[in-house]
Amino acid sequence: MISTEYMGLELKSPVIVSSGPLTQNIVSLKKAEDAGAGAVVLKSIFEEQIEKDVSAEVEGNAQYLEHSDAEESFASFSRDRYIDRYMKLLTEAKKSLSIPVIASVSAKTMDSWIDYAERFVKCGADGIELNYYPISSDASVSGADVDKRLFSFAEKARAAIDGPLSIKIGYKYSSLASVISILDKIGINGIVLFNRFFRPDIDIDSLSFTSGSPVSDENEYAEALRWIGLMSGEVKADLVGNTGIHDGKTVVKMLLSGAKAVEVCTAVIQKGFSRITEMNSFIESWMEKHGYSALSDFIGILSQEHIADGWKWERTQFLKTIGQ
Ligand SMILES: Cc1cc2nc3c(=O)[nH]c(=O)nc-3n(C[C@H](O)[C@H](O)[C@H](O)COP(=O)(O)O)c2cc1C
Numbered sequence: 000m001i002s003t004e005y006m007g008l009e010l011k012s013p014v015i016v017s018s019g020p021l022t023q024n025i026v027s028l029k030k031a032e033d034a035g036a037g038a039v040v041l042k043s044i045f046e047e048q049i050e051k052d053v054s055a056e057v058e059g060n061a062q063y064l065e066h067s068d069a070e071e072s073f074a075s076f077s078r079d080r081y082i083d084r085y086m087k088l089l090t091e092a093k094k095s096l097s098i099p100v101i102a103s104v105s106a107k108t109m110d111s112w113i114d115y116a117e118r119f120v121k122c123g124a125d126g127i128e129l130n131y132y133p134i135s136s137d138a139s140v141s142g143a144d145v146d147k148r149l150f151s152f153a154e155k156a157r158a159a160i161d162g163p164l165s166i167k168i169g170y171k172y173s174s175l176a177s178v179i180s181i182l183d184k185i186g187i188n189g190i191v192l193f194n195r196f197f198r199p200d201i202d203i204d205s206l207s208f209t210s211g212s213p214v215s216d217e218n219e220y221a222e223a224l225r226w227i228g229l230m231s232g233e234v235k236a237d238l239v240g241n242t243g244i245h246d247g248k249t250v251v252k253m254l255l256s257g258a259k260a261v262e263v264c265t266a267v268i269q270k271g272f273s274r275i276t277e278m279n280s281f282i283e284s285w286m287e288k289h290g291y292s293a294l295s296d297f298i299g300i301l302s303q304e305h306i307a308d309g310w311k312w313e314r315t316q317f318l319k320t321i322g323q
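Here numbering that gives the first Met the number 0 is used: the first residue of the sequence shown is 0, the next is one more, and so on.
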């Protein structure tokens with residue numbers, strides 16, 4: 000039995016396909032379910048992208064838009080088209096899949112976010128995942144203020160959304176323990192640790208700005224493992240591991256540290272949907288080998304609160320030089 004409960008949702012497997020290219024059309028969503036995924040998080044609707052596309056469209060149609068009123072209604076029409084497309088995917092996914100379907104929103108401003116999310120819940124989304132990513136590049140804004148914005152965002156979302164609400168965050172906060180526990184107190188049901196953000200790079204031949212690899216490698220899971228290990232015993236919210244989870248072995252590590260589930264993207268992009276089936280089989284055979292009959296028998300048994308040397312989760316330095 001590899002079922003788990005995440006945000007009150009019953010998942011038949013702890014492996015969730017995370018928001019991205021694999022969750023933006025019904026064919027892939029169906030493949031995810033058939034391969035044994037416990038849930039899917041739809042590709043995020045990005046307010047930033049909509050605004051960019053809409054203003055390009057408004058500019059492209061400038062000859063028809065002589066009045067500013069016309070421009071505004073054209074822009075809102077274009078925006079609605081994106082939302083309608085998203086709701087169509089969500090409705091179709093709800094009709095075709097029996098596993099939970101979580102909608103995901105990335106927005107810069109709270110008002111539009113709430114508006115989208117409320118519509119997705121009405122459309123049948125089993126939960127909402129907030130994709131939150133501040134770039135704290137304004138030197139006049141303190142770390143405390145960056146955190147306050149996150150909390151106010153989470154509070155407004157919590158007040159507006161009835162039902163399972165999760166937030167996927169990055170790990171660059173000065174006190175992650177405090178951030179995670181405040182999100183928990185606000186009543187966020189699931190905290191996904193951690194998103195993997197766009198990585199800038201430079202091409203030294205063309206002397207141009209470029210992007211780093213969009214996909215993770217299999218050694219990138221350590222920060223998620225650490226923070227789940229440290230915090231799973233401290234909060235009511237369900238913690239979910241994300242980034243660098245490429246095989247069943249790493250899924251088991253996440254569960255042992257206290258994760259209720261994991262989200263995977265790169266592994267499935269690179270190895271196909273069968274990687275989900277392999278992860279599930281690995282968990283089952285590992286459980287059999289260790290005498291566990293349910294995930295709840297071992298979720299969190301190696302978290303900081305459950306082991307005698309739990310301080311090790313906090314270690315930051317290698318105490319001995321490699322090779323000595
Ligand atoms: C091409 C691509 C597109 C993505 N799009 C989204 C997105 O729309 N929303 C989101 O929350 N995460 C998005 N992600 C991030 C993934 O959901 C995931 O958090 C990240 O890739 C780390 O997990 P992984 O190591 O399993 O890939 C995207 C990732 C990739 C590679």
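The beta carbon of each residue, even a glycine, is placed where N, CA and C say it ideally should be.
Keep in mind it's a predicted model, so treat the numbers as computed, not measured.
In this structure, the straight-line span from the alpha carbon of Ala176 to that of Glu219 is close to 20 Å. Residue pairing from DSSP places Thr209 in a beta bridge opposite Asp200. In the DSSP assignment, Ile166 forms a beta bridge with Leu129 and Ile190. According to DSSP, Ile15 shares a beta bridge with Ala38 and Glu262.
Per DSSP, the continuous beta strand (DSSP E) segment holding Asp237 begins and ends at Asp237 to Asn241. For Arg195, the distance from the CB to the nearest heavy atom of ligand 1 is below 7 Å.
Exposure of Ile306 is indicated by the presence of fewer than 16 other C-beta atoms within 10 angstroms of its C-beta. Relative to ligand 1, the nearest heavy atom lies less than 7 Å away from the CB of Asn130. In this structure, Ile127 is the residue among Ile127, Ser43, Trp285 and Tyr85 with its C-alpha nearest to the C-alpha of Tyr5. Residue state for Tyr115 is assigned as helix, using DSSP reduced to three classes. The continuous beta strand (DSSP E) containing Ala102 extends over residues Val100 to Ser105. In the DSSP assignment, Glu219 falls outside any alpha helix (DSSP H), carrying neither H nor E. In this structure, the CA atom of Arg84 is about 11 Å from the CA atom of Glu91. Here Lys184 is exposed: its Cβ has fewer than 16 other Cβ atoms, across all protein chains shown, within 10 Å. At a threshold of 7 Å, Cys264 counts as near ligand 1, since its beta carbon sits closer than that to one of the ligand's heavy atoms. Boundaries for Glu233: no beta strand (DSSP E) harbours it, and the DSSP string shows neither H nor E there. Judged by DSSP in its simplified three-state form, Leu318 adopts coil rather than helix or strand.
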